[in-house]
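Have a look at the structure below, then the notes.
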């Protein structure tokens, strides 16, 4: 039992050492390529804005899809639900175009 316990302890120490070494390598790579991080900060801001815009558009399109599904299940209200689906699609398109415009504006400002 002692040899098994010692072997497990040795393996866990080795795994921790490898993990620490891997983290140190990653830090060194980031620091070597990132002397002036102004471009990186701008890029991160643009990517976060783009992601938020995509999630918003995705959520709005999901609402449109729900309206279309409801219209298929409720023929008596289908005209109203289809109009609402068109409204959600319009909002998604507007949100996407606004976010693309914001991203291109922030890229021009960064340059």
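Numbering (our numbering), first residue to last: 101 to 211. Where is the CB? At the ideal position from N, CA and C, for every residue including glycine. For clarity, every value in this text was computed on a predicted model and none was experimentally measured.
In the three-state scheme derived from DSSP, where H, G and I count as helix and E and B as strand, residue 174 is classed as coil. Setting aside the 5 residues that flank it on each side, residue 195 is surrounded in the same chain by 153, 156, 157, 160, each with a C-beta closer than 7 Å to its C-beta; the list follows chain order.
With fewer than 16 other Cβ atoms inside 10 Å of its own Cβ, residue 173 counts as exposed. Within 10 angstroms of the beta-carbon of residue 179 lie fewer than 16 other beta-carbons, which makes it exposed. Burial is judged here by how many other beta carbons sit within 10 angstroms of a residue's own beta carbon; residue 165 has fewer than 16 and is exposed.
Note on residue 162: under 16 other CB atoms within 10 angstroms of its CB, so exposed under the neighbour-count rule. Distance between residue 111 and residue 199, taken at the CA atoms: about 50 Å.
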